[in-house]
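Q: Position in the sequence shown counted from 1, then plus 4, gives you our numbering.
Where is the CB? At the ideal position from N, CA and C, for every residue including glycine.
Since this is a predicted model, take the numbers as computed values, not measurements.
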Amino acid sequence: MSDGKRPVERDRQEGLLALAAALRPELHRYCSRLMGSVIDGEDVVQDTFARAFVALDELREVPQLRPWLFRIAHNRALDLLRSRAIRAAEPIEAALEIADEADPAEMLMRRQAVQTAVSRFAELPVPQRSVIILKDVLDEPLADIAALLGVTVDAVKAHLARGRARLRRINAEAKPLPDARIASAATVRYVNLFNQRDWDGLRALLADDVKLHQSMHPPRAGAADVGMFFTIYAKSDGLWFRPAWVEGREVIAVFEDRAAPKPHHFMWLEWRDGRISFIRDYRYTSYVLDDAELVLAREAGYSSGGGGRR
């Protein structure tokens with residue numbers, strides 16, 4: 005074979021690639037809530053597929069890809085949470101009678117979970133967090149949740165009952181999103197240069213060792229290679245940038261056109277000595293923005309659209 009891979013290995017990887025495109029948004033909904041961050045959730049999703057591709061070459065039998073990928077994502081997220089020392093363990097209470105059937109009370113609790121801000125899930129112990137996301141957000145059967153988490157169905161029911169009660173308290177006590185803040189001078193400069201289509205001015209902001217990361221695309225490194233990033237964006241005439249905030253991080257909201265009601269995606273930059281050292285762009289994974297608490301920055305140059313929340 006010209007690519008040096010056996011047909012079985014190639015079929016496995018092609019199958020994983022096909023599933024990846026369909027499953028990424030769903031995996032992100034799970035991982036972002038488990039991590040309490042849409043940004044950290046996407047990091048887990050990317051790491052999941054990277055690990056899956058490596059593992060596929062070593063497996064003799066092809067697993068059922070969907071539950072296998074969720075297991076990888078779940079374990080990777082738990083590893084990260086443990087490393088942050090925020091994982092809480094709680095005893096299992098007696099299971100309540102919680103069924104898979106969607107009666108009116110169940111439907112109400114599921115709607116509440118879907119509407120809950122991603123960051124609030126981080127206030128739940130991880131077992132409760134996992135079962136609420138899987139059941140109330142993704143509507144997974146109880147038996148499948150138990151298999152994924154390696155616990156009994158009764159344990160899933162207990163975590164679900166306790167987690168729902170705690171989530172209701174968290175939502176009742178939650179503070180509103182902070183008011184829009186003023187964007188930094190560096191971000192305003194970057195946004196203005198882009199909106200003016202000043203590509204040379206943007207390239208001049210790049211550090212010599214700048215790195216660019218776009219999900220599902222090879223990373224770029226170095227000012228010359230990353231400078232091609234602007235050439236690609238230059239082909240999209242209607243794009244319009246605005247400073248914004250996501251999860252306390254200053255970002256740039258990217259609108260498909262200036263009059264669009266909401267941004268298509270966002271990116272964030274890291275600066276060093278007044279120059280850009282890193283760009284993370286979510287153009288090809290716009291689902292990351294679906295659950296994000298994005299607040300447009302309050303800055304005089306953007307008063308025509310008004311600062312506000314997405």
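In the DSSP assignment, what residue or residues form a beta bridge with K215?
A: For K215, which the question treats as bridged, DSSP gives the partners A225 and F282.
Q: Taking 8 Å as the cut-off, does the stretch 29-42 touch the stretch 229-236 (at least 3 CB pairs, one atom from each stretch)?
A: Judged by Cβ distances under 8 Å, the stretch 229-236 makes no contact with the stretch 29-42, as fewer than three pairs qualify.
Q: Could I get the ranges of all uninterrupted alpha helix (DSSP H) runs contained in the stretch 31-83, with 4 residues as the minimum, in chain order?
A: You should have 42-60.
Q: Based on Cα-Cα distance, which residue from H221, E251 and A24 lies nearest to A296?
A: When each option's Cα is compared against that of A296, the closest is E251.
Q: Taking DSSP as the reference, what is the three-state secondary structure of R262?
A: Here R262 sits in coil by DSSP.
Q: Kindly indicate which residue of A228, F245 and D213 has the alpha-carbon position closest to the one of V276.
A: What sits at residue 276 in the sequence shown is Arg, not Val. The shortest Cα separation from R276 among A228, F245 and D213 belongs to D213.
Q: Specify the secondary structure class of V155 as computed by DSSP and reduced to three states.
A: Of the three classes helix, strand and coil, the one that applies to V155 here is coil, per DSSP.
Q: Are the beta-carbon atoms belonging to A77 and L31 less than 9 Å from one another?
A: Yes, Cβ-Cβ distance for A77 and L31 is below 9 Å.
Q: May I have a chain-ordered list of the alpha helix (DSSP H) segments no shorter than 4 residues that lie completely inside the stretch 128-206?
A: Complete alpha helix (DSSP H) runs here, min 4: 130-136, 146-153, 157-177 and 189-199.
Q: Taking 8 Å as the cut-off, does the stretch 259-266 touch the stretch 282-291 (at least 3 CB pairs, one atom from each stretch)?
A: No, the stretch 282-291 does not touch the stretch 259-266.
Q: Can A22 and F53 be called in contact, C-beta distance under 9 Å?
A: Not closer than 9 Å, so no.
Q: Within 10 angstroms of its Cβ, does G45 collect 16 or more other Cβ (buried), or is it exposed?
A: By the 10 Å Cβ count, G45 comes out buried.
Q: Apart from the five residues just before and just after V49, which ones in its own chain have a Cβ nearer than 7 Å to its Cβ?
A: Counting only Cβ-Cβ distances below 7 Å, and skipping sequence neighbours, we find R28, L31, H32, C35 and A77.
Q: Taking Cβ positions, are A211 and S123 nearer each other than 9 Å?
A: Taking 9 Å as the Cβ cut-off, A211 and S123 do not qualify as a contacting pair.
Q: In this structure, what does DSSP give as the bridge partners for A257?
A: Looking at the DSSP assignment, A257 forms a beta bridge with R246 and F270.
Q: Are F259 and L273 touching if we call contact CB-CB under 9 Å?
A: Not closer than 9 Å, so no.
Q: Tell me which residue opens and which closes the beta strand (DSSP E) that L300 is part of.
A: Residues L298 to L300.
Q: Would you report the Cα separation of R262 and K215, rounded to the nearest angstrom?
A: Approximately 28 Å, taken between the alpha carbons.
Q: Using DSSP with H/G/I as helix, E/B as strand and the rest coil, what is L210?
A: Of the three classes helix, strand and coil, the one that applies to L210 here is strand, per DSSP.
Q: Can you look up R287 in the DSSP assignment and give me helix, strand or coil?
A: Of the three classes helix, strand and coil, the one that applies to R287 here is coil, per DSSP.
Q: Hey, R86 and R55: beta-carbon distance below 9 Å or not?
A: Their beta carbons are not under 9 Å apart, which means R86 does not touch R55 by this criterion.
Q: Whose C-beta lies closer than 7 Å to the C-beta of T156 among residues of the same chain, with five residues either side of it excluded?
A: Same-chain partners within the cutoff: A150.
Q: To the nearest angstrom, report how far apart R185 and A301 are at their CA atoms.
A: Each residue's Cα considered, the two are about 5 Å apart.
Q: Residues in the same chain with beta-carbon distance under 8 Å from A238, minus the five sequence neighbours each way, listed in chain order, please.
A: So the qualifying residues of the chain are R201 and W203.
Q: With burial defined as no fewer than 16 other Cβ atoms inside 10 Å of the residue's Cβ, what is the status of K179: buried or exposed?
A: Classification for K179: exposed.
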